[in-house]
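> Residue numbers for the sequence shown, in my numbering: 675 to 794.
Heads up, the beta-carbon is just placed ideally off N, CA and C, and yes, glycines get one too.
This structure is a prediction, so every number in the text was calculated from the model and none was measured.
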Amino acid sequence: MKRGQTLVASLIVIVIILIAAAVIYGGFAGAKPTPKADGRGKTVLGNARASAQDEVCRSNIAQVRALLETAKAGDDEFKPKTVAEIPGAAAVSTCPVGHEPYTIDEEGKVHCPHLGHEKF
Ligand SMILES: [Zn+2]
C-alpha cells in the first residue's frame with residue numbers, strides 16, 4: 675500500500691501548511707487579539723510591521739534630538755518652534771506611522787504626537 679501511504683503523507687503536509695498559513699496570516703479564530711489602531715493586533719505580520727514602524731519613529735526622534743543638540747551647541751539662542759527649523763531634520767521630521775510632524779514642547783523637547791508614541 676505504498677500509494678496510500680504517499681497520499682496520507684501528502685494530506686498531512688497540506689494540513690500542516692494550511693495551519694502554518696492560518697497562524698501567520700489570520701491567527702486562530704478563538705485566539706484573535708483585539709484589533710487596535712495601525713493594523714496592530716490583527717495578524718502576526720501586522721504586529722511585526724507596526725513594531726518596525728515604532729522603531730523607525732524612535733530612531734527618527736533620536737536623530738531629531740541629536741540634530742537639535744548639535745544646532746544648540748553652535749547657537750545658544752537657537753530655539754526652534756518646529757522640527758522643520760532644525761537644520762538637516764527635514765527627512766526625519768514626521769512619524770512614519772501617521773505622518774504627523776514631530777512637535778517641540780516649551781522645554782525644547784521633541785515628541786511624536788501619534789497615539790501610542792507619546793513616550794518615545
Ligand atoms: Zn511616531
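(1) For the alpha helix (DSSP H) that ILE693 lies in, which residues bound it at each end?
(2) Pick out every residue whose C-beta is nearer than 7 Å to a heavy atom of ligand 1: which are they, in chain order?
(3) Taking 8 Å as the cut-off, does the stretch 713-724 touch the stretch 755-769 (at least 3 CB pairs, one atom from each stretch)?
(4) Start and end of the alpha helix (DSSP H) containing SER725?
(5) Please list, in chain order, all residues of the same chain as ARG732 whose beta carbon is under 7 Å from its beta carbon, the five residues on each side excluded.
(6) If VAL784 sits next to ILE778, beta carbons under 8 Å apart, how far is it from one beta carbon to the other, in whole angstroms?
To lay it out plainly:
(1) 676-695
(2) Those satisfying the condition are, in chain order, CYS731, CYS769, PRO770, VAL771, GLY772, CYS786, HIS788, HIS791, PHE794.
(3) no
(4) 718-748
(5) PHE794
(6) VAL784 to ILE778, Cβ: 6 Å. Contact.
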